[in-house]
Amino acid sequence: MPMIDLVPGRRAYPVKPPQSGISRKRSLWERIHLDPWLLAMLLVLMLSGLVVLYSASGQRLEVVIAQGVRFGVALTGMLIIAQFSPATLLRWALPAYLVGLAMLVAVEVMGDMGMGAQRWLVIPGVVRFQPSEMMKLAVPMMVSAWLCRRELPPRWRDLGVCAVLIGAPVLLIARQPDLGTSLLVAMAAVFVILLAGLSWRIILLLGALAASALPLLWMNMHDYQRQRVLTFLDPESDPLGAGWNIIQSTTAIGSGGLWGKGWLQGTQSQLEFLPERHTDFIVAVLGEEFGLVGMLAFLALYLLIVCRGLWLAGAAQETFGRLLAGSIILTFFIYVFVNVGMVSGILPVVGVPLPLVSYGGTSSVTLLAGFGILMAIHSHRRLLPR
Amino acid sequence: MRPPRDTLKNPEQELRVFRLRALLAIVVVLALTGLLAGRLAYLQIVQHEVYSTRSEKNRVRVEPLPPTRGLIYDRNGVLLAENRPTYNLTLVRERVDDLDETLALLVELLELPEDKQQAFRERSRQRQRPFQPALLMSDLDEEQIARLAVNRHRLPGVEVQAQLLRYYPDAEVMSHVLGYVGRINAEELEDLDAGDYAGTHFIGKTGVERFYEDVLHGQAGLRKVETNARGRVLRELGRTDPIPGETLTLTLDHELQRLAVELLDGRRGAIVAVAPQTGEILAMASVPGFDTNQFVTGIDVASYRALQDDIDLPLFNRAIRGSYPAGSTIKPFMAITGLKEGEITPDEVIYDPGYYQLPNDSRRYRNWLRWGHGRVDLERALAVSNNTYFYSLAHDLGIDRIHDSLSRFGFGQRVAADVAGESSALLPSRDWKRARFNQPWYPGETLSVGIGQGYLQITPLQLATATAVLANRGDWVQPRLALEIGDAPVPTELPDTPPDIELDNPVWWERVYSGMEKVLSGREGTARRSGAGLEYRMAGKSGTAQVFSLGQDEKYDAEELQERLRDHALFMAFAPVDNPQIAVSVIVENAGGGSSQTAGLARAMTDFWLLERQDGEALAARQDASEEEGG
Numbered sequence: 001m002p003m004i005d006l007v008p009g010r011r012a013y014p015v016k017p018p019q020s021g022i023s024r025k026r027s028l029w030e031r032i033h034l035d036p037w038l039l040a041m042l043l044v045l046m047l048s049g050l051v052v053l054y055s056a057s058g059q060r061l062e063v064v065i066a067q068g069v070r071f072g073v074a075l076t077g078m079l080i081i082a083q084f085s086p087a088t089l090l091r092w093a094l095p096a097y098l099v100g101l102a103m104l105v106a107v108e109v110m111g112d113m114g115m116g117a118q119r120w121l122v123i124p125g126v127v128r129f130q131p132s133e134m135m136k137l138a139v140p141m142m143v144s145a146w147l148c149r150r151e152l153p154p155r156w157r158d159l160g161v162c163a164v165l166i167g168a169p170v171l172l173i174a175r176q177p178d179l180g181t182s183l184l185v186a187m188a189a190v191f192v193i194l195l196a197g198l199s200w201r202i203i204l205l206l207g208a209l210a211a212s213a214l215p216l217l218w219m220n221m222h223d224y225q226r227q228r229v230l231t232f233l234d235p236e237s238d239p240l241g242a243g244w245n246i247i248q249s250t251t252a253i254g255s256g257g258l259w260g261k262g263w264l265q266g267t268q269s270q271l272e273f274l275p276e277r278h279t280d281f282i283v284a285v286l287g288e289e290f291g292l293v294g295m296l297a298f299l300a301l302y303l304l305i306v307c308r309g310l311w312l313a314g315a316a317q318e319t320f321g322r323l324l325a326g327s328i329i330l331t332f333f334i335y336v337f338v339n340v341g342m343v344s345g346i347l348p349v350v351g352v353p354l355p356l357v358s359y360g361g362t363s364s365v366t367l368l369a370g371f372g373i374l375m376a377i378h379s380h381r382r383l384l385p386r
Numbered sequence: 001m002r003p004p005r006d007t008l009k010n011p012e013q014e015l016r017v018f019r020l021r022a023l024l025a026i027v028v029v030l031a032l033t034g035l036l037a038g039r040l041a042y043l044q045i046v047q048h049e050v051y052s053t054r055s056e057k058n059r060v061r062v063e064p065l066p067p068t069r070g071l072i073y074d075r076n077g078v079l080l081a082e083n084r085p086t087y088n089l090t091l092v093r094e095r096v097d098d099l100d101e102t103l104a105l106l107v108e109l110l111e112l113p114e115d116k117q118q119a120f121r122e123r124s125r126q127r128q129r130p131f132q133p134a135l136l137m138s139d140l141d142e143e144q145i146a147r148l149a150v151n152r153h154r155l156p157g158v159e160v161q162a163q164l165l166r167y168y169p170d171a172e173v174m175s176h177v178l179g180y181v182g183r184i185n186a187e188e189l190e191d192l193d194a195g196d197y198a199g200t201h202f203i204g205k206t207g208v209e210r211f212y213e214d215v216l217h218g219q220a221g222l223r224k225v226e227t228n229a230r231g232r233v234l235r236e237l238g239r240t241d242p243i244p245g246e247t248l249t250l251t252l253d254h255e256l257q258r259l260a261v262e263l264l265d266g267r268r269g270a271i272v273a274v275a276p277q278t279g280e281i282l283a284m285a286s287v288p289g290f291d292t293n294q295f296v297t298g299i300d301v302a303s304y305r306a307l308q309d310d311i312d313l314p315l316f317n318r319a320i321r322g323s324y325p326a327g328s329t330i331k332p333f334m335a336i337t338g339l340k341e342g343e344i345t346p347d348e349v350i351y352d353p354g355y356y357q358l359p360n361d362s363r364r365y366r367n368w369l370r371w372g373h374g375r376v377d378l379e380r381a382l383a384v385s386n387n388t389y390f391y392s393l394a395h396d397l398g399i400d401r402i403h404d405s406l407s408r409f410g411f412g413q414r415v416a417a418d419v420a421g422e423s424s425a426l427l428p429s430r431d432w433k434r435a436r437f438n439q440p441w442y443p444g445e446t447l448s449v450g451i452g453q454g455y456l457q458i459t460p461l462q463l464a465t466a467t468a469v470l471a472n473r474g475d476w477v478q479p480r481l482a483l484e485i486g487d488a489p490v491p492t493e494l495p496d497t498p499p500d501i502e503l504d505n506p507v508w509w510e511r512v513y514s515g516m517e518k519v520l521s522g523r524e525g526t527a528r529r530s531g532a533g534l535e536y537r538m539a540g541k542s543g544t545a546q547v548f549s550l551g552q553d554e555k556y557d558a559e560e561l562q563e564r565l566r567d568h569a570l571f572m573a574f575a576p577v578d579n580p581q582i583a584v585s586v587i588v589e590n591a592g593g594g595s596s597q598t599a600g601l602a603r604a605m606t607d608f609w610l611l612e613r614q615d616g617e618a619l620a621a622r623q624d625a626s627e628e629e630g631g
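Okay, structure coming up:
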């Protein structure tokens, strides 16, 4: 693959050999570029997720198997991605970003209609692909790649460039319309900028600006999106329509109590009162059947994964990897927070799955690909070029 | 544009800033996780009770189980109203793959005619709760069921459901007296006990079905079921069985009722037969009748309009709601009144010149025989239906005494114990006239009442009841339809009845009976032709009721007009005179003068009851028993 550098004729990384002159014997984990702790926690999460999914899917084993197969594919993808060095990822940042952007435009132009929203790019008989998923990684990569070459903390001019880099894909995704994903993509990029050390003055200023832009956002929302916000504010206003999901999911969680009703025993879940119970609303099943204890256990596991991820990011030697890794892990947390917050009724309903637990292939692949990058950044730190 | 070169990159500084920010991020992450945990704890610990209850209510539904409606039998155990399992075609839209295709297939399988297809399609699109079956067609026949069964695999979501539906085996004959059930309407729903009728779709609308609704309906049961969000029942958690309605045995005799309908032979009219000593209504027919079964399954608009607009008023129950001038059938009751009040004695004779004149009045009130009957005593006055005798009697009595006495026979009031929708007709009085017309009562009007014309109006049921009281020598008897509810006989002792009628000389009853016997068997009797060859003693009285006028807006063709202006023919009778077992009233509208027709109908009724009915003895036994009970 030809090397495409952001600034031709200039090396991306300063030449800096490993600190330790002593060639230490590398462990198995280092050789396959995986972090055993992170991997172990992810596997525990995924296996527990499958157990919950079996119940949430109405005890359909084929759903669990399908999800298991996807996990297998996604883990393989993670393993492969982990083999690339951060330098390679840095080289790919621009092409990946441009290809993703092109595909978003393609979706916009000729996208297939799916779920009332244009999200899929279909090459008949070959692949169904959601470019917006790819952008969840490509956009933070691009922003990291841009910022790592700049003097940090970022200045106004850098912000301007970033705004363009982020704005184009986010607007395209929002137009599909997929508000959840576009917000996640924007968040991922914003995390990069924040981690790069954007000054508090600018953060506060932009925050104030964003708050004042909220009415503008409201005016540009689709009716169903507005409805979701309104329903969030008062679910009882439409108990059989838009509010149904929230009422049923909070009922499911609340009726779970401290210890839950037991696996496969959740009446709300098993009797189909919960809509989308094996995808975005799987937390309700979890809460109903495993109670507060089960919920806290899952939250603790997510918290540990986030901490481990941030620790790995902080251990990265290069700015690009550091920023990207930090962004990926914080975005992962945002998934958890938005999903649990939405199902428990403190956030409006946006289509965000519970990472690695909700049924769905694309998000698992993207998430594990992200963890692959995270591990690559960590495990390649002593193997930087030359 | 190329970005400017960065000359001041400081990796150490960047790492430090990053770690600081990462630390900050962990703090924020912890805070947000804490927020989630707090929310979950609030839902699952603090609000647990609330959501537990809500979740329970969510899944458990109480479904009513409608009771089976009680059956109705006649006095001999002939089934008059039953519940027939019918098969209805239902469709659950949520389980149908392609609605249009399914409907097309159904139309083909059921061989629906063009005109029914439209309604069929509309019903399939009616708004329904999710997973509630929509009723496409009721009362499938066996062939249709078989065809649907064979093609079951091609029709997901289509089901044939069994439902008990009221069925009247002899609907035309029993139509008015039995009544029918129909779908509960909004008005009725307001007055009903919501719990008891939750699963019931039908309610008695008229007749016995209406009056004995409480008895026939039974008590609803219920079952607790677990459902899913779409309302589909998954399993039963518990149930209370419904208590079926009571079986009702009527006093009616199906055969006699059928005979009455056949006797009327399609002519507009009514026949009522009552057992004089018990008040049991043996037959109560109003012709024309109609097929009550149509109303159960839901009559279509066109058929209903046809019934409603029919000039013969088939929906009108003449036996209890038809108000007719009594005509000369009032004369025996006038005779009793005269004897009771001491205005006449049986042997007193008047001279009839062919008319009657009020004192100081030149107007002549004519006898039907222009030249008069000459010397007339009580018996002859009844036998030849002399008007002059009764003009004179009525004038002597005055309207007040007439009103008081006739009301003791049940005229002018609802007489029956358990007949829904009965009319009280009209027994005029001074008060009534003042209230109605704000006019005083004129003596001439008393004369009209004396021969059963004028304001006086009666129903066939009233006439039969009064005849029964007459046959009972003045002992009041209340007509009723229910013989047994469940296994318990219905008590005959009823409160608030008119006082019995007593004569100074009880033998005088016989004199009135004798006059009435002469109507049928006397040489001059008005119905002597019908009385020929009587095998038992029968007393009766004919009557002719003038049809006064038609409503101004009513349009009939010439022939209709002629027919409908003819007089109504009436007859009342009881037999045998020495031990009365049946009292009959017959009214045939526009039959014209002449009592031979109606007298013949009454004779046919008594003949059947006394000569052919095998249980005559049983009836007599029951009457003896009830007499002993009564003391």
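Chains as they are written, first to last, in UniProt numbering: chain A, 1 to 386; chain B, 1 to 631. Beta carbons: idealized from backbone N, C-alpha and C, even for Gly. Nothing here was measured: the structure is a model prediction, and the numbers come from that model.
CA-to-CA distance, residue 508 (chain B) to residue 387 (chain B), given in whole angstroms:
Along the second sequence, one-based indexing puts residue 387 (chain B) at 387. Along the second sequence, one-based indexing puts residue 508 (chain B) at 508. In this structure, the CA atom of residue 387 (chain B) is about 21 Å from the CA atom of residue 508 (chain B).
Let me see if you follow: with CB-CB separation under 8 Å, is residue 587 (chain B) close to chain A or not?
Taking the first residue of the second sequence as 1, we reach residue 587 (chain B) at position 587. For residue 587 (chain B), the answer is no, since every Cβ of chain A falls outside 8 Å of its Cβ.
Cβ neighbour criterion (16 or more within 10 Å) applied to residue 709 (chain B):
Lying outside 1 to 631, the shown extent of chain B, residue 709 (chain B) is not represented and no answer is given.
Can a CB atom of chain B be found closer than 8 Å to the CB of residue 193 (chain A)?
Within the first sequence, residue 193 (chain A) is the residue found at index 193, counting from 1. No, residue 193 (chain A) does not count as interfacial toward chain B.
Ignore the nearest five residues each way along the sequence and tell me which others in residue 198 (chain B)'s own chain have a CB closer than 7 Å to its CB.
Your numbering for residue 198 (chain B) matches position 198 in the second sequence. Taken in chain order, the residues that qualify are 64 and 220.
Let me make sure I understand the geometry here. Which of B:149, B:71, B:580 and B:75 has the alpha-carbon closest to that of residue 88 (chain B)?
The count along the second sequence starts at 1 and reaches residue 88 (chain B) at position 88. Ranking the options by Cα distance to residue 88 (chain B), first place goes to B:149.
Top-ranked residue by Cα proximity to residue 348 (chain B), from B:151, B:339 and B:272:
Taking the first residue of the second sequence as position 1, residue 348 (chain B) is located at position 348. In terms of CA proximity to residue 348 (chain B), B:339 leads the group B:151, B:339 and B:272.
How is residue 273 (chain B) classed by DSSP in three states: helix, strand or coil?
Here residue 273 (chain B) corresponds to residue number 273 of the second sequence, with the count starting at 1. Note: residue 273 (chain B) maps to strand in three-state DSSP.
If you measure between the beta carbons of residue 196 (chain A) and residue 154 (chain A), is that distance less than 8 Å?
Counting from one through the first sequence, the residue named residue 196 (chain A) turns up at place 196. Counting from one through the first sequence, the residue named residue 154 (chain A) turns up at place 154. In contact: residue 196 (chain A) and residue 154 (chain A) (Cβ atoms closer than 8 Å).
Using the rule of at least 16 other Cβ atoms within 10 Å of the residue's Cβ for burial, across every protein chain shown, is residue 552 (chain B) buried or exposed?
Taking the first residue of the second sequence as position 1, residue 552 (chain B) is located at position 552. The predicted position of residue 552 (chain B) is uncertain, since its pLDDT is 38 and thus under 50; no value can be drawn from it.
From residue 575 (chain B) to residue 522 (chain B), what distance separates their C-alpha atoms?
Here residue 575 (chain B) refers to the residue found at position 575 of the second sequence. Here residue 522 (chain B) refers to the residue found at position 522 of the second sequence. Looking at the two C-alpha atoms, the distance is approximately 16 Å.
Based on DSSP bridge pairs, tell me the residues matched to residue 541 (chain B).
On the second sequence, residue 541 (chain B) is found 541 positions in, with the first residue counted as 1. DSSP, once it has assigned bridges, lists B:572 as partnering residue 541 (chain B).
Using a Cβ-Cβ cutoff of 7 Å, what residues of the region 177-209 of chain A are near chain B? List them in chain order.
Contact annotation: in the region 177-209 of chain A, residues whose CB is within less than 7 Å of a CB in chain B are 194, 195 and 197.
Would you say residue 303 (chain B) reaches chain A, if we count a Cβ-Cβ gap shorter than 8 Å as a contact?
The residue you call residue 303 (chain B) lines up with position 303 of the second sequence. It does not: the Cβ of residue 303 (chain B) has no partner Cβ on chain A nearer than 8 Å.
Could you pull out every residue in the same chain whose Cβ sits closer than 8 Å to the Cβ of residue 463 (chain B), ignoring the five residues on either side in sequence?
Position 463 of the second sequence holds residue 463 (chain B). Counting only Cβ-Cβ distances below 8 Å, and skipping sequence neighbours, we find 272, 326, 329, 570, 572, 585 and 587.
Residue 329 (chain A) versus residue 93 (chain B) - alpha carbon distance
Along the first sequence, one-based indexing puts residue 329 (chain A) at 329. Along the second sequence, one-based indexing puts residue 93 (chain B) at 93. Rounded to whole angstroms, the gap between the alpha carbons of residue 329 (chain A) and residue 93 (chain B) is 47 Å.
Taking all protein chains shown into account, decide if residue 208 (chain A) is buried (16 or more other Cβ within 10 angstroms of its Cβ) or exposed.
For this step, residue 208 (chain A) is matched to residue 208 along the first sequence. Answer is exposed; the Cβ neighbour count stays below 16.
Does residue 651 (chain B) get closer than 8 Å to chain A when you measure Cβ to Cβ?
With chain B represented from 1 up to 631, any question about residue 651 (chain B) goes unanswered, as that position is not in the structure.
Assuming residue 285 (chain B) is part of the alpha helix (DSSP H), what are its boundary residues?
Here residue 285 (chain B) is taken as the residue at index 285 of the second sequence, counted from 1. No alpha helix (DSSP H) contains residue 285 (chain B), which is instead part of the beta strand (DSSP E) from 281-287.
Enumerate in chain order the residues of its own chain whose CB-to-CB distance from residue 37 (chain A) is below 7 Å, with the five nearest sequence positions on each side excluded.
For this step, residue 37 (chain A) is matched to residue 37 along the first sequence. Excluding residues up to 5 positions away in sequence, 308 lie with their Cβ nearer than 7 Å to the Cβ of residue 37 (chain A) in the same chain.
May I ask you to check if the CB of residue 66 (chain A) is nearer than 7 Å to at least one heavy atom of the ligand MN?
This structure lacks the ligand MN; in fact it carries no ligand of any kind.
Quick one, which residues of the region 95-108 of chain A are near chain B if we go by CB-CB under 9 Å, in chain order?
Interface annotation for the region 95-108 of chain A against chain B: empty, criterion Cβ-Cβ distance under 9 Å.
Measure the Cβ-Cβ separation of residue 364 (chain A) and residue 70 (chain A) and say whether it is below 8 Å.
On the first sequence, position 364 is the one that residue 364 (chain A) refers to. On the first sequence, position 70 is the one that residue 70 (chain A) refers to. Yes, the Cβ-Cβ distance between residue 364 (chain A) and residue 70 (chain A) is below 8 Å.
Buried versus exposed call for residue 437 (chain B) [16 or more other C-beta atoms within 10 Å across all chains shown]
Position 437 of the second sequence, counted from the start, is the residue given in the question as residue 437 (chain B). So residue 437 (chain B) counts as exposed.
Using DSSP's beta-bridge definition, name the partner residues of residue 179 (chain B).
The count along the second sequence starts at 1 and reaches residue 179 (chain B) at position 179. In the DSSP output, where bridge partners are listed per residue, residue 179 (chain B) has none listed.
Can you give me the Cβ contacts of residue 54 (chain A) inside the same chain, cut-off strictly under 6 Å, excluding the 5 residues immediately before and after it?
The count along the first sequence starts at 1 and reaches residue 54 (chain A) at position 54. Contacts found: 64.
Could you give the residue range of the beta strand (DSSP E) that holds residue 39 (chain A)?
Position 39 of the first sequence, counted from the start, is the residue given in the question as residue 39 (chain A). Counting along the chain, residue 39 (chain A) falls outside any beta strand (DSSP E), though it belongs to the alpha helix (DSSP H) covering 36-56.
Looking at the secondary structure, which residues open and close the beta strand (DSSP E) in which residue 248 (chain B) lies?
Reading the second sequence from its first residue, position 248 is the one you call residue 248 (chain B). That run of the beta strand (DSSP E) goes 248-250.
Identify the contact partners of residue 44 (chain B) in chain A, using a Cβ-Cβ distance below 8 Å as the criterion.
On the second sequence, position 44 is the one that residue 44 (chain B) refers to. Those are 253, 254, 256, 257, 258, 287, 291, 292 and 295, listed as they occur along chain A.
Could you give the DSSP three-state label for residue 449 (chain B): helix, strand or coil?
Here residue 449 (chain B) refers to the residue found at position 449 of the second sequence. Annotated three-state conformation of residue 449 (chain B) is helix, per DSSP.
Does the pairing of the region 352-359 of chain A with the region 337-344 of chain A give three or more beta-carbon distances under 8 Å?
Output reads yes: the region 337-344 of chain A touches the region 352-359 of chain A.
Counting C-beta neighbours from all protein chains within 10 Å, is the total for residue 634 (chain B) 16 or more, i.e. buried, or is it exposed?
Past the boundaries of the shown model lies residue 634 (chain B); chain B is included only from 1 to 631, so the question cannot be answered.
Limits of the alpha helix (DSSP H) - the one that residue 338 (chain B) falls within
Start at 1 with the first residue of the second sequence, and residue 338 (chain B) comes out as number 338. Segment 331-341, the alpha helix (DSSP H) holding residue 338 (chain B).
Do residue 375 (chain B) and residue 351 (chain B) have their C-beta atoms within less than 8 Å of each other?
Position 375 of the second sequence, counted from the start, is the residue given in the question as residue 375 (chain B). Position 351 of the second sequence, counted from the start, is the residue given in the question as residue 351 (chain B). Cβ distance < 8 Å, so residue 375 (chain B) and residue 351 (chain B) count as in contact.
Which same chain residues, not among the five before or five after residue 144 (chain A), have their C-beta less than 6 Å away from its C-beta?
Here residue 144 (chain A) corresponds to residue number 144 of the first sequence, with the count starting at 1. Closer than 6 Å at Cβ, skipping near neighbours: 192, 320, 323 and 324.
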